[in-house]
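Participant: Oh and the sequence shown: position 62 is 816 in our numbering, straight run, nothing missing.
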Amino acid sequence: MKISQAFKFEAAHRLPNVPETHRCRRLHGHSYRVEVQLDGPVDPHTGFVADFFDIEKCFADILGALDHHCLNEVKGLENPTAENIAIWIWDRLKPSLRQLSAVRVYETADCWAEYNGQ
Numbered sequence: 755m756k757i758s759q760a761f762k763f764e765a766a767h768r769l770p771n772v773p774e775t776h777r778c779r780r781l782h783g784h785s786y787r788v789e790v791q792l793d794g795p796v797d798p799h800t801g802f803v804a805d806f807f808d809i810e811k812c813f814a815d816i817l818g819a820l821d822h823h824c825l826n827e828v829k830g831l832e833n834p835t836a837e838n839i840a841i842w843i844w845d846r847l848k849p850s851l852r853q854l855s856a857v858r859v860y861e862t863a864d865c866w867a868e869y870n871g872q
């Protein structure tokens with residue numbers, strides 16, 4: 755069984771490793787959407803793979819570190835591409851969510867990066 759929970763945050767960033775002429779080199783913002791996916795069996799007693807409230811608790815500190823911040827100033831996100839944000843979230847979430855199977859980060863409604871730990 756797969757389950758997913760989505761979170762949203764607002765943040766600014768700039769991409770320091772693109773050419774000077776690239777528009778994303780300038781400071782700008784996004785309304786990010788993060789989808790956290792878990793895979794596992796359904797517990798016969800609870801009926802859950804995991805309780806969505808528990809996922810929310812695990813994600814709370816991550817959300818606090820990202821929401822309404824300049825991502826370049828967050829330790830480990832000096833180059834805050836969608837790909838690097840997905841890896842950064844995975845690395846912080848996986849220890850508390852064993853069943854985590856993917857983190858998807860939407861930078862816009864049409865552009866996303868997904869990381870599965872590999």
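A virtual CB, placed ideally from N, CA and C, is assigned to each residue, including glycine. Being a predicted model, the structure only gives us computed values, none of them experimental.
1. For the segment 766-839, which segments carrying the alpha helix (DSSP H) assignment without a break, of at least 4 residues, lie completely within its bounds, in sequence order?
2. Residue range of the beta strand (DSSP E) that Ala-867 falls in?
3. Applying the 10 Å Cβ sphere with the 16-neighbour rule, what's the burial state of Arg-777?
4. Run through DSSP, which three-state label would Arg-852 get?
5. Using 9 Å as the threshold, is the C-beta distance between Asn-833 and Leu-769 below it?
6. So, are the CB atoms of Cys-793 and Lys-756 less than 9 Å apart?
Facilitator: The answer reads as follows:
1. As far as the segment 766-839 is concerned, its whole alpha helix (DSSP H) runs of at least 4 residues are 806-820.
2. Where Ala-867 is concerned, the enclosing beta strand (DSSP E) stretches over 866-869.
3. When all chains shown are included, Arg-777 counts as exposed.
4. DSSP places Arg-852 in coil when its eight states are reduced to three.
5. Here Asn-833 is near Leu-769, since their CB atoms are less than 9 Å apart.
6. Note that residue 793 is Asp in the sequence shown, not Cys. A distance below 9 Å separates the beta carbons of Asp-793 and Lys-756.
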